[in-house]
Every structure is written in structure tokens, then in C-alpha cells.
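Q: Just so you know, we're using the UniProt record's numbering here: the sequence shown kicks off at 1 and counts up by one. One structure follows; several queries about it will come next.
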Amino acid sequence: MPSIKSHVVSFVLRYSRKKAFSSPENLQRWIAYARKTENHQPPASLHQRFEIATRSVDGFPVYEIAPKTGERKRILYLHGGAYVFQITSYHWGLIADMADRLGFGITVPIYPIAPEHDFHAMFGMVGEVYRQMLDETEAQDIVFIGDSAGGNMAVVLTMMAAEADLPLPSRHVLISPGLDLSLANPEVFEAERYDPWLGIPGGLEAVRLYSAGIDPSDWRISPLYGDLSVLPKTLLLTGSRDMLTPDNLIFAQKARAAGVAIEVVHEQGMFHAWPLIDMPEARRARDSIVTFLASDTESYHAKAGELALQRTGREVSTHNLSAPSKS
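Set out below in C-alpha cells:
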């Protein structure tokens with residue numbers, strides 16, 4: 001049974017954040033307001049708990065949360081926000097918890113967002129961040145975590161890396177990811193009725209603003225239609241009151257059919273991106289993430305070898321990870 005706090009949060013979302021996604025005009029208004037108040041910097045409490053370094057990639061900041069234990073493993077965290085909103089204190093809370101409990105280094109790119117920037121700028125920047133991570137860390141020691149739009153980006157970035165013949169991350173953690181933005185699944189329209197946060201009209205506007213004219217059914221926008229076989233072992237967290245869940249469950253089925261080891265946490269009564277909120281269900285979800293990432297990574301080596309064999313003799317793609325094509 002969902003906790004009392006989850007009911008309270010759901011109520012607040014329905015009568016606040018849901019409005020942002022009720023129409024294209026409302027989304028535009030929320031973006032304009034957000035630009036006056038957003039602050040991507042880590043909260044002061046994180047600076048007190050961790051060593052945090054900042055660098056610039058393509059003119060945008062990248063924060064490095066140093067591990068306490070000297071652990072070699074690193075997380076690339078891609079935050080959500082419908083491609084149009086900045087990282088929030090809720091994201092930083094999850095990041096801090098993972099750094100504390102896992103002892104991994106965490107790389108947090110403050111990637112360019114729409115409408116000021118588009119798909120090409122976003123993936124140009126995060127692609128370069130990943131390339132730089134590979135210069136310092138073995139791919140077997142890199143994990144991608146993404147929530148919402150960031151979950152979409154994690155999958156797309158891995159697919160782009162595979163096309164570019166780059167080493168792939170060892171694991172994915174996808175929190176309420178948006179994996180099919182084409183709205184091809186009629187179940188999404190029914191699920192929207194029970195979603196206290198997301199809405200189709202505003203969601204479509206967010207996709208329009210960031211997608212640079214790429215067809216929504218293109219795998220670069222909707223990775224459900226890409227080559228899922230290149231993906232690493234994955235933990236997918238999705239809730240029964242999230243309009244993205246029907247597509248998440250289809251993704252899990254297709255990924256398994258493609259040979260991907262995927263674990264699904266399907267939490268009854270939970271809304272979009274619930275692991276970011278401090279409540280009992282989120283604590284259970286975070287326990288699942290820690291257990292998943294703390295386990296051994298032997299499967300990575302087998303997967304990497306298999307993919308290398310598949311790519312042998314294949315023409316190297318001209319798709320440049322650090323500067324995606326504008327087709």
C-alpha cells in the first residue's frame with residue numbers, strides 16, 4: 001500500500017507540476033519562470049560532505065563528486081527535467097545518497113537544455129563528457145544513471161557510443177525513463193489519466209523544443225526503436241501511476257528478447273521519478289539501486305567481448321558521438 005507521504009506528494013504534484021504539462025503554452029510559461037529561479041550548483045550541504053570539483057565541457061559545467069573510499073568506479077548521472085528544466089535539489093539528494101552508500105565517483109554534466117539548445121548540443125556535450133571519462137576510467141568501471149529525460153539520454157548515449165565503436169558502460173540504472181516519445185502506444189493515453197505529474201500536451205511541446213526536427217520515432221529520440229542488444233545489464237524503475245510505464249514495460253520485454261539482462265522494479269501506486277523524493281518507497285528503490293550496482297560486474301566482460309565480435313568487419317559509423325549528425 002502506498003505510504004501517506006506518497007499520497008501527499010501525489011496530491012501536491014497534481015495541483016502544481018501537472019499544470020506545466022497541461023498545454024504547450026503552460027510549459028512555455030513554466031520554462032520562462034524556471035529560468036529566473038534555477039540554480040544548477042550543488043547545495044552547500046554537498047560541499048560539506050564531499051570534495052566537489054568543477055570543469056567545463058563545451059562551455060557548460062561538469063561537477064565531479066569525489067568518492068570517499070578511492071573507488072575506481074564512476075557514475076555518469078544524467079538528470080531529468082523534460083529536456084527543458086535544470087537539475088534540482090532532488091537530483092542532488094539522490095546523487096549524494098549514491099556517493100555516500102556506493103563510494104563511487106559521480107560525474108554530473110549540466111548539459112545544454114531546450115529551448116535555448118537542442119538535441120545536437122545536448123549529445124555533443126554529454127558525448128564529449130563520456131569520451132573524457134573513458135580517457136581516465138575503464139568502461140567496465142563506468143555506470144550510467146538517468147532519470148526521466150536523463151534515462152532516455154543514457155540509453156541513446158550508449159547506442160551512439162556503440163555506433164562510434166567506443167567501449168560501453170557496464171550498467172544502466174534507468175529511473176522512469178522516457179523511451180518512446182512517438183506516442184505510438186495507445187496505453188499511454190489511458191495511463192495519463194492516472195498520472196499526477198506528466199501530461200501529453202506539454203510533453204509533446206518539450207519534445208518539439210529539443211528534438212531539432214528529428215522524427216519522434218527515430219531511435220535518437222525514442223530509443224525503444226534502436227538496437228537494444230548493445231545495452232548493458234540494466235535496472236529499470238517504473239511506477240504504476242506514471243504515463244511512461246506502459247512503454248517502460250515494453251522496453252523491458254524487447255531488451256530481454258535482445259539478450260539484455262534487465263531487472264524491473266514496478267512499484268504499485270508510484271508516480272514519475274519517485275525515487276528522488278524522500279519517502280518510504282524511494283528508500284526501497286534506492287536500496288535496489290545500491291544492491292544492483294554493488295554486485296559484481298563479471299557479465300560486463302562477456303557482453304563487451306560479444307559486442308566486439310559483432311562489430312568486427314562492420315563498417316565504422318560516420319556518426320560522431322561528440323557531434324551528432326543533424327539529419
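Ideal Cβ placement from N, Cα and C applies to all residues, glycine included.
#1: Could you tell me the alpha carbon to alpha carbon distance between methionine 98 and valine 143, rounded to whole angstroms?
#2: So, with DSSP's three-state summary, where would you put glutamate 38?
#3: Does DSSP put phenylalanine 292 in a helix, a strand or coil?
#4: Check this for me: beta carbons of proline 196 and valine 207, under 8 Å apart or not?
#5: Looking at C-alpha atoms only, which residue of Tyr210, Pro61, Gln253, Pro232 is the closest neighbour of isoleucine 87?
#6: In whole angstroms, what separates the C-alpha of serine 3 from that of aspartate 278?
#7: Could you say if the segment 228 to 241 and the segment 253 to 264 meet the contact criterion of at least three C-beta pairs nearer than 8 Å?
#8: From glutamate 116 to isoleucine 31, what distance separates their C-alpha atoms?
#9: Leaving out the 5 sequence neighbours to the left and right, which residues in its chain are closer than 6 Å to leucine 276 when beta-carbon positions are compared?
#10: If you follow the beta strand (DSSP E) that phenylalanine 144 is in, where does it begin and where does it stop?
#11: In whole angstroms, what separates the C-alpha of alanine 20 from that of arginine 101?
#12: Let me check one thing: in DSSP terms, what residues is isoleucine 52 bridge-paired to?
#13: Which value, in whole angstroms, describes the spacing of the CA atoms of valine 8 and glutamate 281?
#14: From valine 48 to asparagine 185, what distance separates their C-alpha atoms?
#15: Let me make sure I understand the geometry here. Which of Leu181, Val173, Ser295 has the alpha-carbon closest to that of histidine 79?
#16: Can the beta-carbon of serine 148 be found less than 8 Å from the beta-carbon of serine 182?
#17: For phenylalanine 271 and glycine 151, I'd like the C-alpha separation in whole angstroms.
#18: List the endpoints of the continuous beta strand (DSSP E) containing proline 186.
#19: Quick check on the DSSP output: the beta strand (DSSP E) that includes tyrosine 90 runs from which residue to which?
#20: Helix or strand or just coil, what does DSSP make of residue 344?
#21: Can you give the Cα-Cα distance for aspartate 135 and valine 12, rounded to whole angstroms?
#22: Work out the CA separation of methionine 122 and tyrosine 210 for me, nearest whole Å.
#23: Less than 8 Å separating the beta-carbons of valine 155 and proline 223?
#24: If we ignore side chains and look at the alpha-carbon of each, how far apart do phenylalanine 251 and threonine 158 end up?
#25: Within 10 angstroms of the Cβ of proline 43, are there 16 or more other Cβ atoms? Answer buried if so, exposed if not.
#26: For lysine 73, collect the residues of the same chain with a Cβ closer than 6 Å to its Cβ; drop the 5 residues on either side in sequence, then sort them by chain order.
#27: From Ile289, Thr107, Glu187, Ala191, pick the residue whose C-alpha is nearest to that of threonine 234; which is it?
#28: Is it buried or exposed, methionine 133, if we count other Cβ atoms within 10 angstroms and call 16 or more buried?
#29: For arginine 55 and glutamate 138, I'd like the C-alpha separation in whole angstroms.
A: Let me spell this out:
#1: If you number the sequence shown from 1, residue 98 lands on position 98. If you number the sequence shown from 1, residue 143 lands on position 143. Whole-angstrom Cα-Cα distance: 12 Å.
#2: Start at 1 with the first residue of the sequence shown, and residue 38 comes out as number 38. For glutamate 38, the three-state secondary structure derived from DSSP is coil.
#3: Locating residue 292 in the sequence shown gives position 292, counting from the first residue. In this structure, phenylalanine 292 counts as helix in the three-state DSSP scheme.
#4: On the sequence shown, residue 196 is found 196 positions in, with the first residue counted as 1. On the sequence shown, residue 207 is found 207 positions in, with the first residue counted as 1. Cβ distance not < 8 Å, so proline 196 and valine 207 don't count as in contact.
#5: For this step, residue 87 is matched to residue 87 along the sequence shown. Nearest option by C-alpha distance: Pro61.
#6: Counting from 1 along the sequence shown, the entry for residue 3 is found at position 3. Counting from 1 along the sequence shown, the entry for residue 278 is found at position 278. Approximately 11 Å, taken between the alpha carbons.
#7: yes
#8: In the sequence shown, counting from the first residue as 1, residue 116 sits at position 116. In the sequence shown, counting from the first residue as 1, residue 31 sits at position 31. Glutamate 116 and isoleucine 31 have their C-alpha atoms spaced approximately 11 Å apart.
#9: By one-based count along the sequence shown, residue 276 stands at place 276. Excluding residues within five positions, the ones whose Cβ falls inside 6 Å are Tyr90, Leu94.
#10: Numbered from its first residue, the sequence shown carries residue 144 at position 144. Residues 142 to 147.
#11: Stepping through the sequence shown from its first residue, residue 20 is reached at position 20. Stepping through the sequence shown from its first residue, residue 101 is reached at position 101. Spanning the two alpha carbons is a distance of roughly 34 Å.
#12: Reading the sequence shown from its first residue, position 52 is the one you call residue 52. DSSP, once it has assigned bridges, lists Ile65 as partnering isoleucine 52.
#13: Translated into positions along the sequence shown, residue 8 becomes position 8. Translated into positions along the sequence shown, residue 281 becomes position 281. Computed Cα separation, rounded: 13 Å.
#14: Locating residue 48 in the sequence shown gives position 48, where the first residue counts as 1. Locating residue 185 in the sequence shown gives position 185, where the first residue counts as 1. Inspection of the sequence shows that residue 48 is occupied by glutamine rather than by valine. Computed Cα separation, rounded: 46 Å.
#15: Indexing the sequence shown from 1 puts residue 79 at position 79. Out of Leu181, Val173, Ser295, Val173 has the C-alpha closest to the C-alpha of histidine 79.
#16: As a first step, residue 148 must be located in the sequence shown, where it is residue number 148. As a first step, residue 182 must be located in the sequence shown, where it is residue number 182. Judged by beta-carbon spacing, serine 182 lies beyond the 8 Å limit of serine 148, meaning their Cβ atoms are not closer than that value.
#17: The residue you call residue 271 lines up with position 271 of the sequence shown. The residue you call residue 151 lines up with position 151 of the sequence shown. Each residue's alpha carbon lies about 16 Å from the other.
#18: Start at 1 with the first residue of the sequence shown, and residue 186 comes out as number 186. For proline 186, there is no enclosing beta strand (DSSP E), since its DSSP letter is neither H nor E.
#19: Within the sequence shown, residue 90 is the residue found at index 90, counting from 1. No beta strand (DSSP E) contains tyrosine 90, which is instead part of the alpha helix (DSSP H) from 89 to 102.
#20: Given a span of 1 to 327 for the chain in the structure shown, any question on residue 344 remains unanswerable.
#21: Taking the first residue of the sequence shown as 1, we reach residue 135 at position 135. Taking the first residue of the sequence shown as 1, we reach residue 12 at position 12. About 44 Å.
#22: Your numbering for residue 210 matches position 210 in the sequence shown. Your numbering for residue 122 matches position 122 in the sequence shown. For tyrosine 210 and methionine 122, the distance between alpha carbons rounds to 9 Å.
#23: Here residue 155 refers to the residue found at position 155 of the sequence shown. Here residue 223 refers to the residue found at position 223 of the sequence shown. Going by C-beta atoms, valine 155 is nearer than 8 Å to proline 223.
#24: Position 251 of the sequence shown, counting from 1, holds the residue named residue 251. Position 158 of the sequence shown, counting from 1, holds the residue named residue 158. C-alpha separation (whole angstroms): 15 Å.
#25: Translated into positions along the sequence shown, residue 43 becomes position 43. Counting Cβ neighbours within 10 Å, proline 43 comes out exposed, since fewer than 16 surround it.
#26: Here the question's residue 73 lines up with position 73 in the sequence shown. If we look at lysine 73 and ignore the five residues flanking it on each side, its Cβ neighbours are Phe104, Asp141.
#27: In the sequence shown, residue 234 corresponds to position 234, counting from 1. If we check each option's Cα against that of threonine 234, Ile289 comes out closest.
#28: Indexing the sequence shown from 1 puts residue 133 at position 133. Answer is buried; the Cβ neighbour count reaches 16.
#29: Residue 55 sits at position 55 when you count from the first residue of the sequence shown. Residue 138 sits at position 138 when you count from the first residue of the sequence shown. Spanning the alpha carbons of arginine 55 and glutamate 138 requires a straight line of approximately 20 Å.
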